[in-house]
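Undergrad: Sharing a structure, written as structure tokens. Questions coming.
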Amino acid sequence: MPVLETSPSVHATSVTDRREAAPGVVILGLDAPALAAAVRPGQFVMALPVGGERVATALAIYEASGRRVSLMLVVVGHRTAELAALTVGARLEVAGPLGNGFELDALGAEVALLAGGVGIASLYLLAEALRASGARTSLYYGARDADALVDAERFEALGARVVLATDDGSRGLRGFVTDIPELSTKTFEGIAACGPSSMLRAVARLAERREIRAQLSLEETFACGVGACWGCVVPLDRASAQAPAFPPASPREERAYVHARICTEGPVFWAHELRW
Amino acid sequence: MPVLETSPSVHATSVTDRREAAPGVVILGLDAPALAAAVRPGQFVMALPVGGERVATALAIYEASGRRVSLMLVVVGHRTAELAALTVGARLEVAGPLGNGFELDALGAEVALLAGGVGIASLYLLAEALRASGARTSLYYGARDADALVDAERFEALGARVVLATDDGSRGLRGFVTDIPELSTKTFEGIAACGPSSMLRAVARLAERREIRAQLSLEETFACGVGACWGCVVPLDRASAQAPAFPPASPREERAYVHARICTEGPVFWAHELRW
Amino acid sequence: MVRLAPSEPDLSIRIGTLRLAFPTLGASGCYGSGAEYAPFVDLAHIGGVVLKSVTREPRLGNGTPRLVPTPSGLLNAIGLQNPGIDAYLRNDVAKFAARPCAVIGSVAGFSVDDYAYVTDRLAARDEIDAIELNISCPNVGSEGETFACDPRLAGAATRAARAATRKPLIVKLSPNVTDIASIAREVEGAGADALAVVNTVRGMSIDVDRLEPRLGNESGGLSGPAIRPIAVLAVWEVARAVAIPIIGQGGIETARDALEFILAGASAVCIGTGNFTDPRAPVRVADGIREYLIARKWVSLDDAVGRANPGARLRPVAP
Amino acid sequence: MVRLAPSEPDLSIRIGTLRLAFPTLGASGCYGSGAEYAPFVDLAHIGGVVLKSVTREPRLGNGTPRLVPTPSGLLNAIGLQNPGIDAYLRNDVAKFAARPCAVIGSVAGFSVDDYAYVTDRLAARDEIDAIELNISCPNVGSEGETFACDPRLAGAATRAARAATRKPLIVKLSPNVTDIASIAREVEGAGADALAVVNTVRGMSIDVDRLEPRLGNESGGLSGPAIRPIAVLAVWEVARAVAIPIIGQGGIETARDALEFILAGASAVCIGTGNFTDPRAPVRVADGIREYLIARKWVSLDDAVGRANPGARLRPVAP
Ligand SMILES: Cc1cc2nc3c(=O)[nH]c(=O)nc-3n(C[C@H](O)[C@H](O)[C@H](O)COP(=O)(O)OP(=O)(O)OC[C@H]3O[C@@H](n4cnc5c(N)ncnc54)[C@H](O)[C@@H]3O)c2cc1C
Ligand SMILES: Cc1cc2nc3c(=O)[nH]c(=O)nc-3n(C[C@H](O)[C@H](O)[C@H](O)COP(=O)(O)OP(=O)(O)OC[C@H]3O[C@@H](n4cnc5c(N)ncnc54)[C@H](O)[C@@H]3O)c2cc1C
Ligand SMILES: Cc1cc2nc3c(=O)[nH]c(=O)nc-3n(C[C@H](O)[C@H](O)[C@H](O)COP(=O)(O)O)c2cc1C
Ligand SMILES: Cc1cc2nc3c(=O)[nH]c(=O)nc-3n(C[C@H](O)[C@H](O)[C@H](O)COP(=O)(O)O)c2cc1C
Ligand code: FES
Ligand code: FES
Chain R
6 MPVLETSPSV HATSVTDRRE AAPGVVILGL DAPALAAAVR PGQFVMALPV
56 GGERVATALA IYEASGRRVS LMLVVVGHRT AELAALTVGA RLEVAGPLGN
106 GFELDALGAE VALLAGGVGI ASLYLLAEAL RASGARTSLY YGARDADALV
156 DAERFEALGA RVVLATDDGS RGLRGFVTDI PELSTKTFEG IAACGPSSML
206 RAVARLAERR EIRAQLSLEE TFACGVGACW GCVVPLDRAS AQAPAFPPAS
256 PREERAYVHA RICTEGPVFW AHELRW
Chain X
6 MPVLETSPSV HATSVTDRRE AAPGVVILGL DAPALAAAVR PGQFVMALPV
56 GGERVATALA IYEASGRRVS LMLVVVGHRT AELAALTVGA RLEVAGPLGN
106 GFELDALGAE VALLAGGVGI ASLYLLAEAL RASGARTSLY YGARDADALV
156 DAERFEALGA RVVLATDDGS RGLRGFVTDI PELSTKTFEG IAACGPSSML
206 RAVARLAERR EIRAQLSLEE TFACGVGACW GCVVPLDRAS AQAPAFPPAS
256 PREERAYVHA RICTEGPVFW AHELRW
Chain G
-6 MVRLAPSEPD LSIRIGTLRL AFPTLGASGC YGSGAEYAPF VDLAHIGGVV
44 LKSVTREPRL GNGTPRLVPT PSGLLNAIGL QNPGIDAYLR NDVAKFAARP
94 CAVIGSVAGF SVDDYAYVTD RLAARDEIDA IELNISCPNV GSEGETFACD
144 PRLAGAATRA ARAATRKPLI VKLSPNVTDI ASIAREVEGA GADALAVVNT
194 VRGMSIDVDR LEPRLGNESG GLSGPAIRPI AVLAVWEVAR AVAIPIIGQG
244 GIETARDALE FILAGASAVC IGTGNFTDPR APVRVADGIR EYLIARKWVS
294 LDDAVGRANP GARLRPVAP
Chain C
-6 MVRLAPSEPD LSIRIGTLRL AFPTLGASGC YGSGAEYAPF VDLAHIGGVV
44 LKSVTREPRL GNGTPRLVPT PSGLLNAIGL QNPGIDAYLR NDVAKFAARP
94 CAVIGSVAGF SVDDYAYVTD RLAARDEIDA IELNISCPNV GSEGETFACD
144 PRLAGAATRA ARAATRKPLI VKLSPNVTDI ASIAREVEGA GADALAVVNT
194 VRGMSIDVDR LEPRLGNESG GLSGPAIRPI AVLAVWEVAR AVAIPIIGQG
244 GIETARDALE FILAGASAVC IGTGNFTDPR APVRVADGIR EYLIARKWVS
294 LDDAVGRANP GARLRPVAP
């Protein structure tokens, strides 16, 4: 993805609101006017740990409007637990906005959004922008179980068709989000997806099969989040790394690759440029 | 001090109330009925860290009545900061009651309590017990400045005479608590003190000079709090360690000493048994 | 290797002739004689306690502070405070008979002869089920070098202790070396029945207000979660180098922490600093290991030991 | 030694002929080329940046995951990803001319000749103010031993680089040794102008769900506050062994952390993982050091360096 012009900085925010959207999922509203004004869909922040001694946590910017941005926290370890425990009034510093977001223009007028788990957090601003641009949007959203599906109705409120899937079938289709039948039949001009890497690989295969360009927002363990440590790489087609082309010129196996930084060259990549 | 019979255990408590008694000083009320019933003046708990990864924190039991005990937190580092940030409803596990408290009977009917800084937290239950036993009590209480003097009026409410001192003179005498003139003149049958080690050494000298038996509650960095790690020792007269005697039989220099565990043989020791 | 699970997986293990009902022990110097933790855990539900190290002569230990909390860790410099082997045998050892778990004596020394002498005297007592050699002490004859950091000295101390007892002999290795595998091989060759991996990492903290080290002894040993990655790698490398059982330790607080060591190749684990975070840790850890085995339908620890370490040598541990 | 303070203490230091305006640097491999942190800190307010290590040949680096957070620490195994010295000189080095702070090139290698060759080519460039030798890479010629863990190899690499440049030469030591002082002495004797103390501690974390090490490379290097006590002790011991300046590092997040290293004997500090906790760390640390000097009425870092370490050899650092 081409580098967007953003100037990140450390924002001293305070928690304005806190909502437990599901068991183990907390949405924190932050007073952060400069960040709210600067952010583009698909960008993220590094949330600095309150007491130090841990590396900052990469978090998508879930919502942004007026002075407020929000973060969606899925508690999986110490850092997400500490952040999810913050209460209204607590102070939190976040560095951002960081990374290159989605390329809105390249998605066309009929868009499939695919979200797996916490990946949903990266797609709300995109869905908002798509609605503003007049595109028709469908959200395919999968999670562990019904409880773990967060805020699907907020996407519906944006005018998106919403189709759900759960691992245990407790809501929507039983199975993976990429198994939803209409994904193999319905016509789309573009796909944007965010979720665990196994899901994104399935999305890449689907996109390749259907010859639709897909933008994938990747997850990886980050340390710096700003391109300094080279800890967050993904193999990228060497040719694409210089001059992205679609469809790929040479068969998958022969292509040389480079290690690109997800935090800096991404987190959003064209599926066909990845050499997983 | 002789071993008191208590049977410590881990108490699963929740925060019932929280009060900022002074800048950087928080009093947490805990729902802990079994602990409240078992504790004796001068005992402490080990507060287990909420997210693990740190050793537990030694804290005096400040108040105890009904189902409630309270802890007084002076924020000096990570652990006290984490504990002080707990809000009402938060869960906290504490192991206790631990250690040997004050020997009430040995203090007599005219008692001087000396507190330095957070040492005040160890003396409130003792002041209550002394009032119940009919003893006359004076509290000599020193702190950095007026702001750091916490709850002196609560001791007054127990009928204690309260005399204050601050390092900067912003309230009470300017200087150390042991410099308060009437400590050199007034008649006492017993002294009980808690505070930083420099203060306790001054109390020990005062007690020796005035030939009054003093019980000192010592502070040291604890790890286990239960006598298992030998990390918290103080040199103790070897003779005293077996059979405490007053006044000491041999001159200070000739006495052999042992390293006694503050958490287990203490935290309260007779001043004349210490071989600092 | 995956078999059908009976109702309860078997957590018991064997180290030489020593049988432990659980793979979780209290670490030397951190668990007293076990009695200190009896109010918090049923000692019948831990595998054993490794006693505080004892030396030939009595030692007063270091001055204070002896402890400094550090980020996710603890520095200690106790200085081997102990009454010396004579008084220890006279006053303390008889009490250990009452423990409902294994009791492992820990021997420290400053010469090869110390290790032989103290092992001989301590191992002779029925209350002691096994001996752990704490060889992380400076050797007075060798420029302050510690036994555990020199393959030759480590081997010599092990051989001397081996000659002094037929009880199970565990030798405790230090992480303060470049190649722990070479030390492990030497100690195995010298007759050890098992290895404890690892002791504390050397460290220091300075008080910037008082302009001096915080510890009375200046430097000390770092323990706790901070060193866990260092200890897990040490177990991983030792498991590839030797075939005798390994008792893993260093920063274990939870069952998942313990399982990192077990999957790397440890047959059992010691919990030291973890007790200071939660005095119920050893039982909680054993419970969690049991749940993990059940969830995977594994029937004994044999199914787990070394499972993540393809290069680990096989070491059956189930009795 | 305490003198009357002027309005502002002098934070600048000298390492050989290298002058740093501040005693705080971005650590190699953690600070990119400095530009990555320019949105967060004014690079004119840090002493310098140590670039990511470069090797003779291009390296793709390790597979992922390359990072694993651990308690108060971070495991990394990047695998020295870099374009190789040719492409580096062609495409990257020219950009460093714009940095308003010192730029220190970092050289890694797998043979003595590598160190000589890459040092020679990199040091020849005007954009590079000094060379740091990263000798903590496994030496393929010597059974995976790293240069930094063997005094003889450490000396050889240093001598080779010394012969290749007259620019200030910093050699970075590894903590994965028993006696870091002996390595430091050897490296000083071989002509180093300064020592970086210390690199990461070897470690591993195992994923107990997937039954394999979390890092793509299996083992990696532990950094962050977890290792600070280990690093402070290393500086303390090296400061007693050699007279050349020391650049301390390992877990520094705050000015008080940095001062532990300085009081132990370091003249400057590198901040690596601390940037991942707060990208403003290097400037915040320098500000805090200044305040500390002011509060003590000390006029320069000379008043602080080694102040808590009575055995430290004198090393004047103020220009
Ligand atoms: C660009 C980007 C955007 C992101 N956006 C979001 C977001 O909006 N919201 C969000 O919640 N996360 C998001 N993440 C992921 C988030 O950064 C990580 O989940 C977070 O760093 C985890 O930190 P932690 O300390 O809580 O967990 P860690 O301790 O770092 O654990 C990380 C992983 O280890 C495993 N793990 C740790 N402990 C356990 C355990 N006890 N049992 C099983 N597994 C365990 C889990 O797999 C877990 O995911 C994003 C990541 C990236 C790169
Ligand atoms: C029997 C007993 C009873 C106690 N009762 C109480 C009580 O009731 N209330 C209470 O608050 N405490 C009490 N304490 C003390 C308390 O246990 C310690 O203060 C606590 O363990 C500190 O933990 P921490 O992690 O917050 O600080 P640590 O990080 O452990 O710091 C400990 C010490 O290091 C120094 N330090 C750390 N960081 C800084 C810094 N940034 N600047 C300057 N100095 C620093 C300070 O001297 C500080 O006291 C008691 C101790 C004992 C032994
Ligand atoms: C306070 C303390 C005292 C210790 N004393 C001893 C000892 O006497 N002998 C010994 O072999 N190990 C001793 N150790 C090391 C522990 O037994 C253990 O190997 C080490 O701390 C790592 O495990 P942990 O992180 O679980 O504590 C001690 C550790 C601590 C923290
Ligand atoms: C992600 C990462 C990459 C690193 N890469 C290098 C490197 O290429 N060369 C080097 O000499 N040190 C490298 N280091 C080590 C650091 O420069 C530093 O010496 C070490 O991390 C200790 O400092 P810290 O705790 O402040 O990070 C790296 C460390 C990290 C965390
Ligand atoms: S997280 Fe450091 S380069 Fe991406
Ligand atoms: S704190 Fe462990 S013995 Fe006192």
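Protein chains in written order, with the working numbering: chain R, 6 to 281; chain X, 6 to 281; chain G, -6 to 312; chain C, -6 to 312. The C-beta atom is built at its ideal place from N, Cα and C for all residues, glycine as well. Only a predicted model underlies this, so the values are computations on that prediction, with no experimental measurement involved.
Beta carbon of X:Phe227, beta carbon of X:Val123: below 9 Å?
TA: no
Undergrad: Would you list the one or two residues that DSSP bridges to X:Arg166?
TA: In the DSSP assignment, X:Arg166 forms a beta bridge with X:Ser143.
Undergrad: I want to check one thing, is the minimum distance from the CB of G:Gly299 to the heavy atoms of ligand 2 below 8 Å?
TA: Outside the cutoff, so no.
Undergrad: Residues in the same chain with beta-carbon distance under 6 Å from C:Val47, minus the five sequence neighbours each way, listed in chain order, please.
TA: Asn75, Ile78 and Tyr81
Undergrad: List the residues of chain X whose Cβ lies closer than 8 Å to the Cβ of R:Gly56, in chain order.
TA: His83, Ala86 and Glu87
Undergrad: Does any CB atom of chain X fall closer than 9 Å to the CB of G:Ile71?
TA: yes
Undergrad: Could you check if C:Asp186 is buried or exposed, using at least 16 other CB atoms within 10 Å of its CB as the buried criterion?
TA: buried
Undergrad: State the start and end residues of the unbroken beta strand (DSSP E) segment that holds R:His83.
TA: Taken as a continuous stretch (DSSP letters only), R:His83 belongs to no beta strand (DSSP E), being part of the alpha helix (DSSP H) at His83 to Ala89.
Undergrad: Would you say C:Leu4 and C:Ala234 are within 9 Å of each other, going by their C-beta atoms?
TA: At the C-beta level, C:Leu4 and C:Ala234 stay beyond 9 Å of one another.
Undergrad: G:Gly244: which of G:Leu67, G:Ala95 and G:Val201 sits nearest, CA to CA?
TA: Shortest Cα-Cα distance from G:Gly244 to any of G:Leu67, G:Ala95 and G:Val201 involves G:Leu67.
Undergrad: Can you tell me whether DSSP reads C:Arg7 as helix, strand or coil?
TA: In the structure shown, C:Arg7 sits in a strand (DSSP, three-state: E or B).
Undergrad: Give me the chain R residues within the contact set of X:Thr92, using Cβ-Cβ distance strictly less than 8 Å, ordered along the chain.
TA: Residues of chain R passing the Cβ test: Thr92.
Undergrad: Could you give the DSSP three-state label for X:Cys199: helix, strand or coil?
TA: X:Cys199 carries a strand assignment under DSSP once its states are collapsed to helix, strand and coil.
Undergrad: Could you tell me which chain C residues have their CB closer than 7 Å to the CB of R:Gly232, listed as they occur along the chain?
TA: Contact of R:Gly232 with chain C by beta-carbon distance below 7 Å involves Gly25 and Glu29.
Undergrad: Where do the ends of the alpha helix (DSSP H) carrying G:Ala274 lie?
TA: Ala274 to Arg289
Undergrad: Report yes or no: is there a C-beta of chain G within less than 9 Å of the C-beta of X:Glu225?
TA: yes
Undergrad: Identify the residues that DSSP records as bridge partners of C:Gly213: which are they?
TA: C:Gly196
Undergrad: Could you pull out every unbroken alpha helix (DSSP H) segment of at least 4 residues lying fully inside the segment 28 to 112 of chain R, listed in chain order?
TA: 38 to 43 and 83 to 89
Undergrad: Rounded to the nearest angstrom, how far is the Cβ of C:Asn55 from that of C:Ile71, given a contact under 8 Å?
TA: 6 Å
Undergrad: With which residues is G:Leu13 paired in a DSSP beta bridge?
TA: G:Ile6
Undergrad: How big is the Cα-Cα spacing for X:Pro249 and X:Ala261?
TA: Because X:Pro249 sits at a pLDDT of 41, beneath the cut-off of 50, its placement in the model cannot be relied upon, and the following sentence gives the value as read from the coordinates. So the two alpha carbons sit approximately 14 Å from each other.
Undergrad: Would you mind sorting R:Gly56 into buried or exposed? The rule is 16 or more other CB atoms within 10 Å of its CB.
TA: Counting the other CB atoms within 10 Å of its CB gives R:Gly56 a total below 16, which places it among the exposed residues.
Undergrad: Evaluate contact between the segment 15 to 34 of chain R and the segment 149 to 161 of chain R, counting only Cβ atoms and requiring at least three cross-stretch pairs below 8 Å.
TA: Contact between the segment 15 to 34 of chain R and the segment 149 to 161 of chain R is established, with three or more Cβ pairs separated by less than 8 Å.
Undergrad: Short of 7 Å in beta carbon distance, which residues of its chain neighbour C:Ala177, apart from the five on each side in sequence? Order them along the chain.
TA: For C:Ala177, same chain residues with a beta-carbon under 7 Å away, outside a window of 5 residues either side, are Leu166, Leu188, Val231, Ala234 and Val235 in chain order.
Undergrad: Could you spell out where the alpha helix (DSSP H) holding C:Trp229 opens and where it closes?
TA: Arg221 to Ala234
Undergrad: Return yes when the Cβ of X:Met51 is within less than 9 Å of the Cβ of X:Val231, no when it is not.
TA: yes
Undergrad: Rounded C-beta distance between X:Arg72 and X:Ala37? I'm assuming under 8 Å.
TA: Contact check for X:Arg72 and X:Ala37: beta-carbon distance about 7 Å, within the 8 Å limit, so the pair qualifies.
Undergrad: Can you give, in chain order, each stretch of the beta strand (DSSP E) that sits fully within the segment 117 to 178 of chain C and has at least 3 residues?
TA: Runs of the beta strand (DSSP E) inside the segment 117 to 178 of chain C: 123 to 127 and 162 to 166.
Undergrad: For G:Leu294 and R:Trp275, what's the separation of their Cα atoms in angstroms?
TA: The alpha-carbon atoms of G:Leu294 and R:Trp275 are separated by roughly 46 Å.
Undergrad: Could you tell me which chain R residues have their CB closer than 8 Å to the CB of C:Asp35, listed as they occur along the chain?
TA: Residues of chain R passing the Cβ test: none, with the nearest at roughly 12 Å.
Undergrad: Using the beta-carbon of each residue, which ones in chain G are nearer than 9 Å to C:Ala87?
TA: Contacts between C:Ala87 and chain G, judged by CB atoms closer than 9 Å, are missing: the closest CB pair is about 39 Å apart.
Undergrad: Grouping DSSP H, G and I as helix and E and B as strand, with all else coil, what is G:Lys45?
TA: Strand.
Undergrad: Which residue or residues does DSSP assign as beta-bridge partners of G:Pro238?
TA: Beta-bridge pairing links G:Pro238 to no other residue.
Undergrad: Terminal residues of the continuous alpha helix (DSSP H) containing X:Arg136?
TA: Tyr129 to Ser138
Undergrad: Using 8 Å as the cut-off, classify the Cβ of R:Val231 as near or not near the heavy atoms of ligand 5, replying yes or no.
TA: At least one heavy atom of ligand 5 is nearer than 8 Å to the Cβ of R:Val231, so yes.
Undergrad: Spell out the partners DSSP gives C:Ala251 in its beta bridges.
TA: Paired residues: none, contrary to the question.
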